[in-house]
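See below for the structure under consideration.
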Amino acid sequence: MRRAYPYIWTATFIAAGLGSYLLVRLLVEPEPDDPTRGRIRALIDEADQLLRTLDEQRRD
């Protein structure tokens with residue numbers, strides 16, 4: 001059994017390294033491009049512009 005310890009530790013370190021690599025890769029990976037995100041942002045910007053226009057008209 002004593003001869004197996006180096007192999008067990010080697011396998012443990014390899015598994016830990018692989019797990020760390022996969023975790024970092026998962027966390028660093030960019031989000032997929034969402035086509036609705038741009039449309040929602042455009043609608044919000046348009047609504048903000050309309051509100052500004054209404055505020056300016058009300059002040060005049």
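Following the numbering used here, the numbering of the sequence shown begins with 1 at its first residue and continues without gaps.
Where a beta carbon is used, it is the ideal one built from N, C-alpha and C, also for glycine.
Small disclaimer: the values here were computed from a predicted structure and weren't measured.
Rounded straight-line distance, which links the Cα of D45 to that of T53: Taking the sequence shown and counting its residues from 1, the one referred to as residue 53 is at position 53. Taking the sequence shown and counting its residues from 1, the one referred to as residue 45 is at position 45. If you take the alpha carbons of T53 and D45, they lie about 12 Å apart.
Can you list, in chain order, the residues of its chain with a C-beta nearer than 7 Å to that of R37? Leave out the 5 residues immediately preceding and following it. What you label residue 37 is simply residue 37 of the sequence shown in a count that begins at 1. Closer than 7 Å at the Cβ level, and outside the excluded window around R37, lies no residue.
Please state whether DSSP places D62 in a helix, a strand or coil. Absent from the model: residue 62. The displayed extent of the chain is 1 to 60, so no value can be given.
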